[in-house]
Amino acid sequence: DTGVSQDPRHKITKRGQNVTFRCDPISEHNRLYWYRQTLGQGPEFLTYFQNEAQLEKSRLLSDRFSAERPKGSFSTLEIQRTEQGDSAMYLCASSGLAGGPSSTDTQYFGPGTRLTVL
Amino acid sequence: AQSVTQPDIHITVSEGASLELRCNYSYGATPYLFWYVQSPGQGLQLLLKYFSGDTLVQGIKGFEAEFKRSQSSFNLRKPSVHWSDAAEYFCAVGAPPGRRALTFGSGTRLQVQP
Chain A
1 DTGVSQDPRH KITKRGQNVT FRCDPISEHN RLYWYRQTLG QGPEFLTYFQ NEAQLEKSRL
61 LSDRFSAERP KGSFSTLEIQ RTEQGDSAMY LCASSGLAGG PSSTDTQYFG PGTRLTVL
Chain B
119 AQSVTQPDIH ITVSEGASLE LRCNYSYGAT PYLFWYVQSP GQGLQLLLKY FSGDTLVQGI
179 KGFEAEFKRS QSSFNLRKPS VHWSDAAEYF CAVGAPPGRR ALTFGSGTRL QVQP
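From first to last, the protein sequence lines stand for chains A and B. Under the working numbering, the first residue of the first sequence is numbered 1, with each subsequent residue one higher. Under the working numbering, the first residue of the second sequence is numbered 119, with each subsequent residue one higher.
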């Protein structure tokens, strides 16, 4: 396994358009996370899945954002009616071996998708 | 709520010199602490982590960090910096039981002079 992968790596879109990003976690991991990172800042948590269940959402995740993980494997993050303020790096991470201790999870990050909204 | 402060936005060191990056956290219980490194345009790579036990933890690429509960600190150190260490470094604190979100500091950008 080569780690967490994300597609696309870069996306340029016009304000008002919808975009969708994909994340493929490390295959044996059952937890998946989305973060957003703006220029000069650390990543900020958006949402978290355990298997297919979305267990936590940040207040940063407005109604225009939706995330899914339909079969407990890959995940998608969709942003509807994009705004210039959505321009950021969107990072995906995975963790958690099924049946393993959850309290000492280590999150492994993908390369990110850089979104530019014109 | 937990928080992380990285007081130094930008640090420049000479190649071969020692390095210490500061991290202070705020959290009510025993924290889970992490250091990640990010090269330009890339994702985050885990350097090391602290969950419990020995307060001096060793990581990859010759890095180490020391957890000091009395000072609420988890500073990252390296005895001799290489030019390839130039990157952005993020300290993060793990969430309480029942939450999974990591809280990150705003990062320290390391520049290495030849």
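Glycine residues also receive a C-beta, built at the ideal position from the N, C-alpha and C atoms. Source: prediction; values computed, not measured.
Query raised in the report: Given that a residue counts as buried once 16 or more other Cβ atoms are within 10 Å of its Cβ, and exposed if not, what is Ile-178/B?
Result: By the 10 Å Cβ count, Ile-178/B comes out exposed.
**Report entry** Cβ-based burial, Tyr-197/B [other Cβ within 10 Å; buried from 16]
**Finding:** Reading the sequence as shown, one finds Pro at residue 197/B and not Tyr. The residue in question, Pro-197/B, is exposed, as its Cβ has fewer than 16 Cβ neighbours within 10 Å.
**Report entry** Under 9 Å by beta carbon: chain A residues contacting Leu-151/B
**Finding:** Those do not exist, as Leu-151/B stays about 11 Å from chain A at its closest Cβ, beyond 9 Å.
Query - Short CB-CB distance (under 8 Å) between Gly-161/B and chain A - result: Closer than 8 Å: yes.
Query raised in the report: Along chain A, which residues have their Cβ under 8 Å away from the Cβ of Ala-219/B?
Result: The answer, in chain order, is Tyr-33, Phe-45, Tyr-48, Glu-56, Ser-58.
Report task. Taking C-beta pairs closer than 8 Å, name the residues in chain B that Leu-91/A reaches, listed in chain order. Result -> Listed by position along chain B, the residues whose Cβ is nearer than 8 Å to that of Leu-91/A are Gly-161, Leu-162.
Report task. Could you check if Asp-63/A is buried or exposed, using at least 16 other CB atoms within 10 Å of its CB as the buried criterion? Result -> With fewer than 16 Cβ atoms within 10 Å of its Cβ, Asp-63/A is classed as exposed.
Query raised in the report: For Asn-147/A, is the classification buried or exposed, using 16 other Cβ atoms within 10 angstroms of its Cβ as the cut-off for buried?
Result: With chain A running from 1 to 118 in the structure shown, residue 147/A is simply not present.
Report task. Give the single residue among Ser-73/A, Ile-79/A, Glu-52/A, Lys-11/A whose Cα lies nearest to the Cα of Leu-60/A. Result -> For Leu-60/A, the nearest C-alpha among the options comes from Ile-79/A.
Query raised in the report: What residues from chain B crowd round Thr-106/A, counting only those whose CB sits closer than 8 Å?
Result: Those are Phe-152, Leu-164, Lys-167, listed as they occur along chain B.
Query raised in the report: Taking any Cβ of chain B, which residues in the region 4-18 of chain A have a Cβ under 7 Å from it, in chain order?
Result: Per Cβ criterion, the list is empty.
Requested in this report: Leaving aside the five residues before and after Gly-180/B along the sequence, list all residues of the same chain whose C-beta is less than 8 Å from its C-beta, in chain order.
Outcome: So the list reads Lys-196, Pro-197, Ser-198, once near-sequence residues are dropped.
Query raised in the report: Among Glu-83/A, Phe-45/A, Gln-84/A, which has the Cα closest to the Cα of Ala-67/A?
Result: Cα-wise, what sits closest to Ala-67/A is Phe-45/A.
Report task. Consider the Cβ of Ser-191/B: report whether some Cβ of chain A lies at a distance smaller than 8 Å. Result -> No - not a single Cβ of chain A is within 8 Å of the one on Ser-191/B.
Query raised in the report: Going by the CB atoms, is the gap between Leu-32/A and Ser-94/A shorter than 8 Å?
Result: In contact: Ser-94/A and Leu-32/A (Cβ atoms closer than 8 Å).
Query raised in the report: Is Ser-132/B close to chain A, meaning its C-beta is less than 8 Å from at least one C-beta of that chain?
Result: So, not an interface residue.
Query - Distance between beta carbons of Ser-191/B and Gly-42/A, contact taken as under 8 Å - result: The pair is not a contact, with the Cβ atoms about 17 Å apart (cut-off 8 Å).
Query - Three or more C-beta pairs below 8 Å linking the region 12-21 of chain A and the region 71-86 of chain A - result: Contact holds: three or more Cβ-Cβ distances are below 8 Å.
**Report entry** Under 8 Å between C-beta atoms of Asp-105/A and Gly-96/A
**Finding:** For Asp-105/A and Gly-96/A, yes; Cβs fall inside 8 Å.
Report task. Using the Cα positions of Ser-157/B and Glu-206/B, report the straight-line distance between them to the nearest angstrom. Result -> Their backbone Cα atoms lie some 6 Å apart in a straight line.
Query raised in the report: Nearest chain A C-beta to Ser-224/B closer than 8 Å, yes or no?
Result: It does: the Cβ of Ser-224/B has a partner Cβ on chain A nearer than 8 Å.
**Report entry** Contact belief for Tyr-90/A with Arg-36/A at Cβ below 8 Å, rounded distance in angstroms
**Finding:** Confirmed, Cβ separation roughly 6 Å.
Requested in this report: Name, please, each residue of chain A whose Cβ falls closer than 9 Å to the Cβ of Phe-208/B.
Outcome: For Phe-208/B, the neighbours in chain A by C-beta distance under 9 Å run, in chain order, Gly-42, Pro-43.
**Report entry** C-alpha gap between Leu-165/B and Asp-86/A, whole angstroms
**Finding:** Just so you know, the alpha carbons of Leu-165/B and Asp-86/A end up roughly 29 Å apart.
Report task. Can you tell me the Cβ-Cβ gap for Lys-11/A and Leu-115/A, rounded? I've got them flagged as a contact below 8 Å. Result -> Lys-11/A to Leu-115/A, Cβ: 5 Å. Contact.
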